[in-house]
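J.: I'd like to ask some things about the structure below.
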Amino acid sequence: MHRGNGIVTGPRGVGLVGLVCWVVAVACGRAGTGPMERALIPRPAHCVFHEGRHVLRRDTPVHGAGEARTEARQLIEALAPAMGFRLPLVGQEPAEGISLALDGGLAEELGGEGYRLRVDPRRIELRAARPAGLFHGIQTLRQLLPPEAFSRRPVAGVDWVLPCVEIIDRPRFAWRGLLVDPARHFIPVEDLKHFIDAMAVHKFNRLQLHLTDNEGWRLEIRRYPRLAELGSRNDWTHLWKGGGRTPCFGYYTREDIAGLVRYAAERHITLVPEIEMPYHAGAAIVAYPELGVNTAGLADLPPEKRWRRTHGLLAPRESTVRFMQEVLTEVIEMFPGPFIHIGGDEANLRVWARDAEMQALMKRLGLEGPHELHSWFIRQMDAFLAGRGRRLVGWDEILQGGLAPGATVMSWHGFAGGVTAARAGHDVVMAPTSHTYFDYYQGPRDKEPPAIGGFLRLERVYAFDPLPPELTGAEARHILGGQGQLWGEYIATRDHRDYMAWPRGCALSETLWSPRGRRDFTEFRRRLRSHLEGLRQAGVGFRPLD
Ligand code: ACM
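Here it is as structure tokens:
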């Protein structure tokens with residue numbers, strides 16, 4: 141058995157030479173003369189491979205009771221496409237085969253997402269305090285099989301064999317997120333499900349949907365139908381000279397969202413909707429010109445002529461505040477998760493500062509300047525969401541002019557905003573451009589598909605640590621975790637999104653899940669080779685390693 145963080149002791153009954161070989165094999169993450177091993181990503185907190193193997197056969201029984209039965213079904217369904225058969229789900233705990241069970245007594249050791257997994261030649265035992273833990277354990281179990289287990293079509297001639305192993309695992313951070321951007325290029329529901337499947341393999345648990353921006357509004361709002369009807373019909377040439385981008389019409393209906401919420405929840409992933417305000421609101425202003433600053437005459441233009449004329453900035457009049465709160469009312473109805481992201485980034489506040497109506501508004505509200513107006517507007521949304529049991533998240537610009545009382549800060553200008561927010565007692569998700577912007581290039585520009593700019597290599601993602609060392613223990617508890625961003629200006633297809641997301645997402649998953657002391661880039665890269673073969677089998681179009 142192993143003890144402590146990343147320190148392993150050898151199996152009983154081997155001599156010194158055998159022990160050294162075994163330790164080297166474990167440290168190198170590959171099979172030597174010792175036990176068979178498999179590459180696991182993210183790397184478990186504690187993991188020791190033993191001699192021996194377990195072979196899954198057509199008649200290997202799977203057992204789980206109550207909520208564990210739901211997860212047992214997920215295991216069976218995950219393996220069925222590749223195996224070409226369904227393992228039998230049985231009603232009685234079998235002496236041999238796979239056993240899944242929930243045990244609330246493990247909550248202290250494993251938290252809500254951790255699990256224990258033991259594979260020996262006769263039995264596979266998966267235990268957790270909560271269903272999410274079983275689900276994450278199932279992802280590990282899949283990775284213990286040959287990479288063909290991820291195939292979506294039956295694979296003949298493969299022995300479905302797992303090494304004997306003992307794993308005790310739980311995540312380092314509670315927020316392990318990725319962001320996708322259907323506002324810029326619409327993402328069909330099936331592509332989102334494909335993305336969610338790949339996230340689940342890596343134990344991510346938050347998917348932020350950037351649903352609205354200057355370039356598109358992608359969510360049906362029944363009270364304001366023009367938002368989706370007009371706001372989803374920008375073909376880019378309206379905004380960006382040069383064009384050349386794929387047309388990207390489309391929006392999600394309520395039924396689409398209900399299906400997505402369900403699909404993600406089955407995989408223990410919470411959707412975080414982002415409705416941008418007060419800036420990045422151009423599509424809303426195209427649909428409802430009265431929301432904008434100085435938009436006289438805009439409504440008289442045909443919609444396709446309005447896109448370049450909006451400033452993208454809302455005018456925070458009382459009627460606009462009410463409008464956006466009514467939008468949020470429907471967002472709350474659609475998305476059951478606790479967090480609602482309201483954007484808050486990149487507002488050009490000079491537009492307000494120069495506008496006579498906005499100057500009068502600031503005066504009436506007793507506000508010193510546009511930063512205070514920005515903060516005031518965010519506070520209206522914060523109070524509204526808090527009153528409905530939800531939590532506001534915003535990009536770190538919401539620190540300017542004073543942070544709304546309930547706000548969680550997503551720190552993208554480096555780590556400093558997150559540090560300030562944590563010290564002020566606010567929760568934080570670290571999403572710095574320096575380590576988590578997956579819309580950046582990952583190789584020489586002349587050899588890569590188009591990207592927004594920047595440069596973010598795999599190794600740098602792997603070096604990400606959401607926890608700034610200068611925080612005290614109490615402050616550090618406000619760092620919920622981290623998130624990778626796939627902004628969509630240049631990402632128009634499923635394959636391109638996969639290419640930008642993986643394997644950088646593999647690296648991010650390990651920085652967010654695995655203990656700090658278990659991380660080693662050289663060793664990770666070695667594991668990545670066989671891991672990527674699993675992704676290839678799953679039809680994920682990752683970027684090959686250099
Ligand atoms: C951002 O990248 N504007 C949050």
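Following this note's numbering, the residues of the sequence shown are numbered contiguously, the last one being 686.
Cβ atoms here follow ideal geometry from the backbone N, Cα and C, with glycine treated the same way.
Just the C-alpha distance for His350 and Gln214, rounded to the nearest angstrom, thanks.
T.: Computed Cα separation, rounded: 28 Å.
J.: Alpha carbon to alpha carbon, how far is Ser551 from Val230?
T.: Spanning the two alpha carbons is a distance of roughly 48 Å.
J.: Report the rounded CA-to-CA distance for Ala398 versus Met176, giving the unit in angstroms.
T.: Cα-Cα distance, rounded: 43 Å.
J.: DSSP on Tyr581, reduced to helix/strand/coil?
T.: In this structure, Tyr581 counts as strand in the three-state DSSP scheme.
J.: Please look up how many angstroms separate the CB atoms of Arg270 and Ala185, rounded, as I've assumed it's under 8 Å.
T.: Actually they do not touch by this definition, with Cβ atoms about 17 Å apart.
J.: Is Asp486 near the ligand ACM, going by C-beta to nearest heavy atom under 7 Å?
T.: Reading the sequence as shown, one finds Glu at residue 486 and not Asp. Indeed, a heavy atom of the ligand ACM lies less than 7 Å from the Cβ.
J.: Among the candidates Gly273, Val301, Arg362, Phe344, whose CA atom is the shortest distance from the CA of Glu248?
T.: Here the closest residue by C-alpha is Gly273.
J.: Within 10 angstroms of its Cβ, does Pro606 collect 16 or more other Cβ (buried), or is it exposed?
T.: Flag for Pro606 reads buried.
J.: Helix, strand or coil for Gln214, going by three-state DSSP, please let me know.
T.: Note: Gln214 maps to helix in three-state DSSP.
J.: Just to confirm, does Trp535 get its C-beta within under 7 Å of one of the non-hydrogen atoms of the ligand ACM?
T.: Flag set: Cβ of Trp535 near the ligand ACM.
J.: Taking the alpha-carbon positions, what's the Met474 to Glu360 distance?
T.: For Met474 and Glu360, the distance between alpha carbons rounds to 10 Å.
J.: In terms of residues, what are the limits of the alpha helix (DSSP H) holding Pro443?
T.: Residues 443–446.
J.: Provide the residue(s) that pair with His190 in DSSP beta bridges, ordered along the chain.
T.: Answer is Cys304.
J.: What is the DSSP secondary structure of Trp162, counted as helix, strand or coil?
T.: Summary for Trp162: the model assigns pLDDT 38, below 50, so the residue's position carries little reliability; its value from the coordinates is reported in the next sentence. Helix at Trp162.
J.: How big is the Cα-Cα spacing for Gly557 and Arg449?
T.: Looking at the two C-alpha atoms, the distance is approximately 32 Å.
J.: Leaving out five residues on either side along the sequence, give the residues of the same chain with a beta carbon under 6 Å from the beta carbon of Val305.
T.: Excluding positions up to five away in sequence, the list reads Phe189, Val259.
J.: Could you tell me the distance, in whole angstroms, from the CA atom of Ile480 to the CA atom of Trp315?
T.: Between Ile480 and Trp315, the C-alpha separation is close to 14 Å.
J.: Does the distance from the CB of Leu240 to the CB of Ala220 come in under 8 Å?
T.: No. Outside cutoff.
J.: Look at the alpha carbon of Leu652 and the alpha carbon of Leu539, and state the distance between them as a whole number of angstroms.
T.: Rounded to the nearest angstrom, the two C-alpha atoms are 25 Å apart.
J.: Assuming Pro234 and His194 are in contact, meaning their beta carbons sit under 8 Å apart, how far apart are those beta carbons, in whole angstroms?
T.: That pair is no contact at about 13 Å.
J.: Please go through the same chain and pick out, in chain order, the residues whose beta-carbon is closer than 6 Å to the beta-carbon of Gly674, but skip the five residues on each side of it.
T.: Hits under 6 Å: Pro287, Phe290.
J.: Run the proximity test for Trp315: is its beta-carbon closer than 7 Å to any non-hydrogen atom belonging to the ligand ACM?
T.: The answer is no for Trp315.
J.: Express the C-alpha separation of His671 and Met223 in angstroms, rounding to a whole number.
T.: Going by the C-alpha atoms only, they are around 18 Å apart.
J.: Go through the stretch 500–531 residue by residue and report every complete run of the alpha helix (DSSP H) that reaches 4 residues or more, in order.
T.: You should have 510–526.
J.: Using CA coordinates, which residue listed in Gly529, Arg531, Pro589, Thr435 is at the minimum distance from Trp492?
T.: Checking every option, the nearest Cα to that of Trp492 belongs to Thr435.
J.: Looking at the unbroken alpha helix (DSSP H) that takes in Glu599, where does it start and where does it end?
T.: Element bounds for Glu599: 598–602.
J.: Using DSSP's beta-bridge definition, name the partner residues of Tyr392.
T.: BP columns for Tyr392 point to Leu359.
J.: Going by CA-CA distance only, name the one from Leu347, Glu444, Asp586, Val433 that's closest to Arg373.
T.: Residue Glu444 is the option with its Cα nearest to Arg373.
J.: Out of curiosity, what's the CA-to-CA distance linking Leu332 and Arg667?
T.: Approximately 27 Å between the Cα atoms of the pair.
J.: Please report the residue range of the beta strand (DSSP E) in which Ser239 lies.
T.: Element bounds for Ser239: 237–242.
J.: I'd like to confirm something about Trp492: is its beta-carbon nearer than 7 Å to some heavy atom of the ligand ACM, or not?
T.: No, the beta carbon of Trp492 sits no closer than 7 Å to any heavy atom of the ligand ACM.
J.: Look at the alpha carbon of Val329 and the alpha carbon of Ile264, and state the distance between them as a whole number of angstroms.
T.: For Val329 and Ile264, the distance between alpha carbons rounds to 35 Å.
J.: Please confirm whether Phe326 and Gly390 have their CB atoms less than 8 Å apart.
T.: Closer than 8 Å, so yes.
J.: Can Arg183 and Gln283 be called in contact, C-beta distance under 8 Å?
T.: Contact: no.
J.: In angstroms, rounded to a whole number, what distance separates the CA positions of Phe595 and Gln582?
T.: Using only the alpha carbons, I get a separation of about 6 Å.
J.: So is the beta-carbon of Trp516 under 7 Å away from any non-hydrogen atom of the ligand ACM?
T.: No, the Cβ of Trp516 stays beyond 7 Å of every heavy atom of the ligand ACM.
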